[in-house]
Every structure is written in structure tokens, then in C-alpha cells.
Amino acid sequence: MIKLHGFALSNYYNKVKLVLLEYGIAFEEVLDKLPLGEPLLAQSPAGKVPFLETEHGCLSESAVIVEYLNARFPERGIFAADPWQAAKERELIAFVETYLELEARELYSEAFFGGKLSDEVKATAQARLRRYIASFKRLAKFAPYVAGERFGAADAATFVSLPLVAMTTQRIYGEDYVAAAGIDWKAYVKLVGERPAAQRVNAERKAYIEANS
Ligand SMILES: N[C@@H](CCC(=O)N[C@@H](CS)C(=O)NCC(=O)O)C(=O)O
Numbered sequence: 007m008i009k010l011h012g013f014a015l016s017n018y019y020n021k022v023k024l025v026l027l028e029y030g031i032a033f034e035e036v037l038d039k040l041p042l043g044e045p046l047l048a049q050s051p052a053g054k055v056p057f058l059e060t061e062h063g064c065l066s067e068s069a070v071i072v073e074y075l076n077a078r079f080p081e082r083g084i085f086a087a088d089p090w091q092a093a094k095e096r097e098l099i100a101f102v103e104t105y106l107e108l109e110a111r112e113l114y115s116e117a118f119f120g121g122k123l124s125d126e127v128k129a130t131a132q133a134r135l136r137r138y139i140a141s142f143k144r145l146a147k148f149a150p151y152v153a154g155e156r157f158g159a160a161d162a163a164t165f166v167s168l169p170l171v172a173m174t175t176q177r178i179y180g181e182d183y184v185a186a187a188g189i190d191w192k193a194y195v196k197l198v199g200e201r202p203a204a205q206r207v208n209a210e211r212k213a214y215i216e217a218n219s
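The following block contains the structure:
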């Protein structure tokens, strides 16, 4: 059986877990905390979570893992059957992961972990985040799901990242830039959060935090 390695606080881990649960793919969770040491570095070469353990070997990088699951279980509909719609879903994932998550991540140390960042780092990230959140707003549909009427892989990415981007800008700049851009992310997160798979992801994330604080 497929094994998902990582821990329930990681949003990349939770994105893959949400896909596995939503599409009824059997899996086991294996708790691996950071930093990954030997022998796990042989399985996740960059020392990051999540990684997937399969009968063929291990696979890292959450976006690649989702693509592998889509290719291995094509009947599950992780991406839309229509090639254009599927490409639009992938476009959204690229926006969320490259422009939003990675940019906000530069600020997580101060936003969530008690670190201190330089004004220069904050100013650089601020300009980029404003620009990229506006870009994402132009692309996202929220009708009601991020790529349109159906829940899909783009929602798994958006659901785990968008709240963190909003909370990060609120903490670092004193303003929720996602809401300020006209994105009602709380309503979206509530909608997706009502899905049984998302409820389980959230409950287990909360339990992990409680057990480790
Ligand atoms: N591009 C990777 C990023 C994964 C990632 O950064 N995971 C974090 C936990 S949320 C991690 O493992 N950080 C440890 C590190 O960067 O050394 C993916 O999509 O899987």
C-alpha cells in the first residue's frame, strides 16, 4: 500500500493527504519529523516532506506526487477530464505554489515561529505578494471551487496555502492582503472545510499541534 511520509502540520503534506482522501486512494501515514536524517535522505533527497513510498520506490515533491497519483489512478478524476480545464487547474496550482506559497514562506519564520526578518526581506516580499495575489485573483474562479464547478487538485493546493498567505500578510504587514484583494478566502475555506476529507485533515492537523505543543 502507498505510504505518505511526513507530519500533519506540513501544508505540503496535507495537500497530498487531502488528494488521497478525496479520491479514495488507500494509503498509510508514516510520521517523519524534520529534520530528516539518514536513512530518510535516500528516500527524500532534499530532506523535505512529504514523500511517497510505493512498491517502486520513493517519490518526493508534492506537486509531482499529485501528478503521479493522477497518472496511476486516472479514473479518479484528480484533474478534469477535459484537457483545457485540466491545464487551467494546473495553471492555478502553479500560481498558488510558486507565487503565493513560496513567497509567503519567506516570511513564516517571523509570522509563525518567533524569528526576526530584516525590513529589506519584508519589503521585497511585500511587493511580490501584492502583485501575485492580484494575479491569482484574476485567474481564480471561486465558482464555487477555485477552478470552477468541480473540486479538484487545484483546491487541495489552494485550501492549504491561501489561509497561510492571508495570515502571514496580516501578521507581517498588519493587513490581510488576500481579503484586501477581494478574495473571500474564509468563505472558500469554510466550503472546502465542510468536505469530509478536509475535516479529517484539519482535525488531524489540530491533534498534531496539541500533541506537540
Ligand atoms: N517543494 C516541496 C516543498 C516541501 C517542503 O518545503 N516541506 C517542508 C515542510 S512544510 C519541509 O520539509 N521543510 C524542510 C526543509 O526545507 O528542509 C514540495 O512541494 O513537496
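Residue numbers 7 to 219, in this note's numbering, belong to the letters of the sequence shown in order. Think of the CB as a built atom: it goes at the ideal place given N, C-alpha and C, for glycine as much as any other residue.
**Message:** Assuming P143 is part of the alpha helix (DSSP H), what are its boundary residues?
**Reply:** What sits at residue 143 in the sequence shown is Lys, not Pro. From DSSP, the alpha helix (DSSP H) with K143 extends over 125-145.
**Request:** Can you tell me the Cβ-Cβ gap for L113 and I178, rounded? I've got them flagged as a contact below 8 Å.
**Result:** Sure, about 5 Å apart at Cβ, within 8 Å.
**Request:** Name the two residues that bound the continuous beta strand (DSSP E) containing Y57.
**Result:** Note that residue 57 is Phe in the sequence shown, not Tyr. The continuous beta strand (DSSP E) containing F57 extends over residues 57-60.
**Asked** Mind checking if I178 is an interface residue toward chain D, Cβ cutoff 9 Å exclusive?
**Response** Looking for chain D here will not work: only one protein chain is present.
**Request:** Check L10 in the structure and name its three-state DSSP category.
**Result:** Secondary structure at L10: strand, using DSSP grouped into helix, strand and coil.
**Message:** In chain order, what are the residue ranges of uninterrupted alpha helix (DSSP H) at least 4 long that sit wholly in the segment 27-107?
**Reply:** Secondary structure remark: continuous alpha helix (DSSP H) runs of at least 4 residues inside the segment 27-107, in chain order: 68-78, 89-100.
**Asked** In three-state DSSP terms, what is G199?
**Response** Reduced to three states, the DSSP call for G199 is helix.
**Message:** Less than 8 Å between C-beta atoms, sequence neighbours within five positions excluded: which residues of the same chain meet that for R111?
**Reply:** Hits under 8 Å: none found.
**Request:** Determine the closest residue to E34 out of V127, Y18, F165, E59, with distance taken between C-alpha atoms.
**Result:** Of all alpha-carbon atoms in V127, Y18, F165, E59, the one lying nearest the alpha-carbon of E34 is that of E59.
**Request:** Could you check if T104 is buried or exposed, using at least 16 other CB atoms within 10 Å of its CB as the buried criterion?
**Result:** Result: exposed.
**Item:** Anticipated Cβ contact below 8 Å, G158 with F85, distance rounded
**Value:** Approximately 6 Å separates the beta-carbon atoms of G158 and F85; this is inside 8 Å, confirming the contact.
**Contact test: P80 Cβ vs ligand 1 heavy atom, cutoff 8 Å** = Taken from the Cβ of P80, every heavy atom of ligand 1 lies 8 Å or farther away.
**Message:** Using 8 Å for Cβ pairs, my map puts F165 next to A204. What's the rounded Cβ distance?
**Reply:** A Cβ-Cβ distance of about 6 Å is found for the pair F165 and A204, placing them in contact under the 8 Å criterion.
**Prompt:** Would you say the segment 14-29 touches the segment 146-163, given that touching needs at least three Cβ pairs under 8 Å?
**Reply:** Using a Cβ-Cβ distance cut-off of 8 Å, the segment 14-29 and the segment 146-163 are in contact, since at least three pairs of beta carbons, one from each stretch, lie closer than that value.
**Asked** Looking at C-alpha atoms only, which residue of K143, A14, K94 is the closest neighbour of P56?
**Response** It is A14 whose Cα lies nearest to the Cα of P56.
**Prompt:** Cβ-heavy atom distance between V102 and ligand 1 below 8 Å?
**Reply:** With a cut-off of 8 Å, the C-beta of V102 is classified as distant from ligand 1, since no heavy atom of the ligand falls inside that distance.
**Opening and closing residue of the alpha helix (DSSP H) in which Y179 lies** = Segment 159-179, the alpha helix (DSSP H) holding Y179.
**Request:** Measure how close the beta-carbons of A193 and D182 come, nearest whole angstrom, since I'm counting them as under 8 Å.
**Result:** That belief does not hold up - the Cβ atoms of A193 and D182 are roughly 13 Å apart, past 8 Å.
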